[in-house]
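Colleague: Quick one: the structure is below, questions incoming.
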């Protein structure tokens, strides 16, 4: 949540500081243009500028988000490695005792099931 808030604040401050004002744009119109044409062209110019600004802001936000995700992944890996080094957590390569117990129990159940099936098959053959 913090990363998202920082990225929004950064983008909004960049837009406020770096956006050129619409009145500073040079006006180019020929002598034959009517006032309506001049207004239409100015509005189209402003719309293109706004679209460009939105695209630039979207690219910056996307890049910032990718960098944030990458840095978060790296940070999590480093934290995990540090906990393993300090001995506070076991490495993922080490199987926990609880997991070993579950595996053993499942294996034993499987063996019991196979033994039961073999016994039934044996009784069936013995009666025939």
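Residue numbers (mature numbering (1 follows the signal peptide of the UniProt record, and there is no 0)): -24 to -1, 1 to 104.
We put the CB at the ideal spot given by N, CA and C, even for glycine.
All figures in this text were calculated on a predicted structure; none of them were measured in a lab.
Within its chain, find whatever has a CB closer than 8 Å to the CB of residue 9; leave out the 5 residues flanking it on each side and keep chain order.
Modeller: The answer, listed in chain order, is 17.
Colleague: Could you check the C-alpha separation between residue -21 and residue 39 for me, to the nearest Å?
Modeller: Each residue's alpha carbon lies about 13 Å from the other.
Colleague: Could you give the distance in angstroms between the alpha-carbon of residue 56 and the alpha-carbon of residue -23?
Modeller: Cα-Cα distance, rounded: 21 Å.
Colleague: If you measure between the beta carbons of residue 31 and residue -10, is that distance less than 8 Å?
Modeller: Against a cut-off of 8 Å, the Cβ pair of residue -10 and residue 31 comes out as no contact.
Colleague: Going by the beta-carbon positions, is the gap between residue 65 and residue 72 smaller than 8 Å?
Modeller: Their beta carbons are not under 8 Å apart, which means residue 65 does not touch residue 72 by this criterion.
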